[in-house]
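Scroll down for the structure; my scribbles are underneath it.
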Amino acid sequence: MGTLIEEIFSRKLERQVHAGEIVMVDVDTIMSHDNTTPLAIKAFNEIGKPIKDKNKIVIHFDHAYPAPNLLAAEAQRKSLDFINREGLQNFYHQGVCHQVMIEEGFVTPGAVIIGADSHSNTYGALGAFGTGLGSTEIGVAWVTGKCWFKVPSTIRIELNGNAQLGVFAKDVMIFIAGMIGMDGGTYRSIEFGGSYIDQLPMHERIVFSNMSTEIGAKCGLIAADEITLEYLRHETKAAGDFATLRPVNPTYERILEIDVSTIEPHISCHPDVDNAKPIHEVAGLQVDEVFIGTCTNARYEDIEIVANILRGKTVHPSVRVIVTPASNQIYKKAMVNGLIEVLMDAGCTVTGTGCGACIGRHGGVLAPGERALTTMNRNFIGRMGSPNAEIYLASPATAAATALSGKITDPRNLLSEVTHG
Amino acid sequence: MGKAWTFGENMNTDEIIPGRFNITIDPLELAKNVFCEVKPEYAKNVKLGDVIVGGQNFGCGSSREHAPIAIKGSGAKCVIAPSFARIFYRNTINIGLPILECPEAVDGINEGDLVEVDLKTGVILNKTTGRQFLAKPLPEFILKISEAGGIVNFIQHHEIEELMEGSA
Chain A
1 MGTLIEEIFS RKLERQVHAG EIVMVDVDTI MSHDNTTPLA IKAFNEIGKP IKDKNKIVIH
61 FDHAYPAPNL LAAEAQRKSL DFINREGLQN FYHQGVCHQV MIEEGFVTPG AVIIGADSHS
121 NTYGALGAFG TGLGSTEIGV AWVTGKCWFK VPSTIRIELN GNAQLGVFAK DVMIFIAGMI
181 GMDGGTYRSI EFGGSYIDQL PMHERIVFSN MSTEIGAKCG LIAADEITLE YLRHETKAAG
241 DFATLRPVNP TYERILEIDV STIEPHISCH PDVDNAKPIH EVAGLQVDEV FIGTCTNARY
301 EDIEIVANIL RGKTVHPSVR VIVTPASNQI YKKAMVNGLI EVLMDAGCTV TGTGCGACIG
361 RHGGVLAPGE RALTTMNRNF IGRMGSPNAE IYLASPATAA ATALSGKITD PRNLLSEVTH
421 G
Chain B
422 MGKAWTFGEN MNTDEIIPGR FNITIDPLEL AKNVFCEVKP EYAKNVKLGD VIVGGQNFGC
482 GSSREHAPIA IKGSGAKCVI APSFARIFYR NTINIGLPIL ECPEAVDGIN EGDLVEVDLK
542 TGVILNKTTG RQFLAKPLPE FILKISEAGG IVNFIQHHEI EELMEGSA
């Protein structure tokens, strides 16, 4: 009985739990990456107790991999020494942690996953409870295998109707952020549902869970269904019988109903994700960089839509266009299907996989006075380098249209060409 | 008693300490650049025992612990805000930086006011204006972590299940 998050915790604890309760849970997976593992190792060393279950620990190098400077190299060396010393088997460096977590099968419906990364909410798209924590708590979980949570109350966001051509999950999510604000979901579980979500493929569902972080939520959940199970069987290494939990007679703190058909492409404008505007209000603004990447929007289908828009064309000469596929699996598929060639012929710089320019340390750092349009999930001041640079967030289609013109551009006309041409 | 430093709403972790400085985990090193873009004079002039007074959703953004560590390293005694972002809230408790939720105090304290905070009782006294405020008490199990000086100290000496004892 209850909301999806109450159902997940109730299954885990084998008793009925309710929002507001504080629970101690055995976590299924404990994730950290090159940026957050060093502090977790420090906490672990200070505690001085052994690891509870090595199989639960997953470590990724993705934020600055391969190391772009000596300091990063030294930090990664220390983490590697730790991984080798402890004999940890789940170590990956083939793309953005959240995407690789899904591909490698760590994310299954009903699983409880903690990550030393705020976008661990991503796992909610497959019906798992994923949430971000600080490194110290990750080090503690290595030792205890457990974590405490206050079972959150739930805001249900009911999305109905069909999106217009050229309007993607990213546009809808930016619209939602604008509507409820960057603290509109603080401490809450956000449950996304409705007829729009029901028919949405997994790569689009992931955008909602991923960006639930940007409205402060503890998690952003979508109940697993046939689409989830098909995706798990064909696109990931997950195996076995999956729990398909759904909300049962839930009590919501609040229900938001949104008709998706009325939403046009949206942009999060500098410098906050909730500074959301319909594209006609910002179209024409000149940009210096277009970055297509990150755990939000660098999956195969995202790259495909960019390639379809850029096919046979050339990006604007004054714009740096960077494409950073989320994972090697995605990169390889894009390569085999000729998409990478299309992007390169159009003048894009295609980089290795990982977080890329999103963390402001490599792969597309912004100079003072520069403006970027990106497929990232946050646009904080200084996020991509200079505090005097501006970041605008948009869908991959808007990013591709903007890459061609050098200014923020509505992708809808181009998409009807692609669709009908 | 310390001086109040006030900050706006939605102060995010990149504003507390920009990502480019997170190449160290040394609190004193991080403290040199804390709030460097939003209040550059803070790192230069902050004194041990000063108090941070923030707006709602303080500490939103990344899971990076560098943010609360940088504030703790700067010598600030505590952070008072109407509300905190969830990962930041957990991080401050885990690393032993005291926080107090008190919207009234935030409204009643200006930059530079002299403020006295009793962390045990939650009483916040603005010595400049004479006004007194009472912060929301921390849940019992969180007090156990705070009293141990952070989660690492607690786990050194206890089993994690002991956090739940008496609070079920």
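Chains as they are written, first to last, in our numbering: chain A, 1 to 421; chain B, 422 to 589.
The beta-carbon is built from N, C-alpha and C at its ideal position, and this holds for glycine as well.
As the structure is a computational prediction, the values presented were derived from the model and not from experiment.
query                                                                                                                                        : result
Backbone CA spacing between residue 183 of chain A and residue 258 of chain A [nearest angstrom]                                             : 19 Å
Paired residues, beta bridge with residue 142 of chain A - DSSP                                                                              : In DSSP, residue 142 of chain A forms no bridge with anything.
Same chain, Cβ closer than 6 Å to residue 427 of chain B, five either side skipped, listed in chain order                                    : 474, 532
Residue 219 of chain A in three-state terms, based on DSSP                                                                                   : strand
Beta-carbon proximity check, residue 124 of chain A vs residue 130 of chain A, cutoff 7 Å                                                    : yes
Span separating the alpha-carbon of residue 50 of chain A from that of residue 143 of chain A                                                : 6 Å
Unbroken beta strand (DSSP E) run spanning residue 499 of chain B, endpoints                                                                 : 499–502
Beta-carbon contacts of residue 589 of chain B that lie in its chain and below 6 Å, excluding the five residues immediately before and after : Confidence at residue 589 of chain B is low in this model, with a pLDDT of 44, below 50, so its placement is unreliable and the value that follows should be read with caution. Result list for residue 589 of chain B: empty, nothing under 6 Å.
CA nearest to the CA of residue 63 of chain A, picked from A/89, A/279, A/39, A/34                                                           : A/34
Partners in chain B for residue 47 of chain A, counting only beta-carbon separations shorter than 8 Å                                        : 573, 576, 577
Own chain, CB closer than 6 Å to residue 139 of chain A, minus 5 neighbours either side, in chain order                                      : 40, 43, 44
Residues from the stretch 490–504 of chain B in contact with chain A, defined by Cβ distance under 9 Å                                       : 490, 504
Local conformation of residue 589 of chain B per DSSP, three classes                                                                         : A caution first: residue 589 of chain B carries a pLDDT of 44, below 50, which makes its placement in the model too unreliable to give a value.
Endpoints, the alpha helix (DSSP H) within which residue 329 of chain A is located                                                           : 328–336
Residue 425 of chain B in three-state terms, based on DSSP                                                                                   : strand
CB contact below 7 Å: residue 425 of chain B versus chain A                                                                                  : no
Three CB pairs or more closer than 8 Å across the stretch 478–497 of chain B and the stretch 509–527 of chain B                              : yes
Secondary structure of residue 381 of chain A, DSSP reduced to three states                                                                  : coil
Chain-ordered residues of the stretch 28–44 of chain A with a beta carbon less than 8 Å from chain B                                         : 35, 36, 38, 39, 42, 43
Neighbourhood of residue 584 of chain B by C-beta distance below 8 Å, restricted to the same chain and skipping five residues each side      : 562, 565, 566, 575
Where the beta strand (DSSP E) containing residue 254 of chain A begins and where it ends                                                    : 254–259
is_contact[residue 24 of chain A, chain B] using C-beta, thresh 7 Å                                                                          : yes
Secondary structure, alpha helix (DSSP H): runs of 4+ residues fully inside the stretch 271–309 of chain A                                   : none
Between the CA atoms of residue 11 of chain A and residue 223 of chain A - distance to the nearest angstrom                                  : 14 Å
7 Å Cβ cutoff, residue 552 of chain B in contact with chain A                                                                                : no
Status (buried if at least 16 other CB within 10 Å, exposed otherwise) for residue 312 of chain A                                            : exposed
Proximal chain A residues relative to residue 440 of chain B, where beta-carbon distance stays under 8 Å                                     : 359, 360, 361, 382, 383
Under the three-state DSSP convention, the category residue 67 of chain A falls into                                                         : coil
Chain-ordered neighbours of residue 435 of chain B on chain A, where CB pairs are closer than 7 Å                                            : 380, 381, 382, 383
Chain-order list of residues whose beta-carbon lies under 8 Å from that of residue 442 of chain A (same chain, five-residue window excluded) : The requested residue 442 of chain A does not occur in the structure, where chain A is confined to residues 1 to 421.
Touching by the beta-carbon criterion (3+ pairs, under 8 Å), the stretch 412–419 of chain A and the stretch 431–444 of chain B               : no
Beta-carbon separation (whole angstroms), residue 174 of chain A vs residue 47 of chain A, contact threshold 8 Å                             : Actually they do not touch by this definition, with Cβ atoms about 41 Å apart.
Those residues which DSSP pairs with residue 553 of chain B across a bridge                                                                  : B/546
Cβ of residue 567 of chain B within 7 Å of any chain A Cβ                                                                                    : no
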